Structure formats: C-alpha cells, structure tokens
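I have placed the structure first, in the form of structure tokens, so that the comments after it can refer back to it.
Residue numbers (this note's numbering): 173 to 339.
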C-alpha cells in the first residue's frame, strides 16, 4: 500500500549531504532517484546511515542558480547490491517554502506520466521533447505545446533516464 502523501517522480540528479550536527561537515555525493515535495530517494555507494538519521542536503541544479538546501530524515533503507549500494528514502523535515513550491512546480513540469496522460486525452500520436522548447504533442498532424515551460537537455535526460533501469 502506498504511504506517501505526495507524488514522487523518477529522476537522476546529484545531491550532496552530510549528517546533521557533524562538526566536520564531511560532504558525500549521491544520486537522487526520485523526488517530490515530501522528500527524495537517493542511492549511495557507502555504508548506510541508521534509520531516523538527520541529514543536511544540497540538491543540485533543478534549473536554479543555486542548490536547494533542506534537512531530511531517513525513513526507509533497502540494500541494492550486497554491502555495496543502498537506497535511502528521506522525508523533508525543514525546507524553505519557496524551495518546496519550486520542487512541486519542477516535478509537475517534467512528469512524463502526466505529459503522456495529457497526450492520450487529446488523441495525440506523438510527444516531442526538444531542448529549448516546451513538450509538444502531435494531434491529427498539428503540433501543439502541452505547456509553456521550455525543457533543458538535462531535464529531458532526467525525464527519460528516470524511467530506465541501469541495464
């Protein structure tokens, strides 16, 4: 049964984190595999941190000039490769409202499921994802933008790679 309160979408973006109250602030880089307004899932190649551990996060890019800073707590851990790779589910415990609002909007703009749903409702035969242009659908031969937000190459890559497995 799904327990999340907010939708998360598959992504492939970088995050830097360190344990809250770590005097050395030893930063570790990891990959965010999904994100939503409630939190993130990240994959790490080091020993997992304990359940409930608090982290300071710097979520890279998301089309902003600066990283999004947040605090999060580990609520879920899964071993992916024996003693080598772990997935951690984190919920935000502190994040600025403007950053949360931005994540909400950004997630919506690159949600491939949502774009496909709009295309299906409009009887579109194709969706075009082109760098520097908004997502566009072909309906009975005519090209129609799905929304106004232009996509960057990285957002298109994130959108597509988020649904692909490592293989």
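Each residue gets a CB set at the ideal place from its N, CA and C atoms; glycine is no exception.
This one's a predicted model, so the numbers in the text were calculated from it and none came from an experiment.
Opening and closing residue of the alpha helix (DSSP H) in which residue i lies
i           : result
residue 223 : From DSSP, residue 223 is part of no alpha helix (DSSP H); its letter is neither H nor E.
residue 319 : Note, residue 319: premise wrong, no alpha helix (DSSP H); not H, not E.
CB of residue i within 8 Å of CB of residue j, strictly
i           : j           : result
residue 242 : residue 231 : yes
residue 282 : residue 181 : yes
residue 298 : residue 286 : no
residue 190 : residue 227 : yes
residue 322 : residue 306 : yes
Same chain only: Cβ atoms within 7 Å of residue i, ignoring 5 sequence neighbours per side
i           : result
residue 217 : 256, 257
Residue burial classification, residue i (beta-carbon count within 10 angstroms, cutoff 16)
i           : result
residue 173 : With a pLDDT of only 43 at residue 173, under the threshold of 50, the placement of this residue in the model should not be trusted; the figure read from the coordinates follows. So residue 173 ends up on the exposed side.
Chain-order list of residues whose beta-carbon lies under 6 Å from that of residue i (same chain, five-residue window excluded)
i           : result
residue 335 : 182
residue 276 : 209
residue 308 : 300, 315, 317
Span of the beta strand (DSSP E) around residue i
i           : result
residue 192 : That residue, residue 192, is in no beta strand (DSSP E); it is neither H nor E in DSSP.
residue 252 : 240-253
residue 261 : 257-267
* To do: Taking 8 Å as the threshold, find out whether the stretch 251-264 comes into contact with the stretch 211-218 through three or more Cβ pairs.
  => yes
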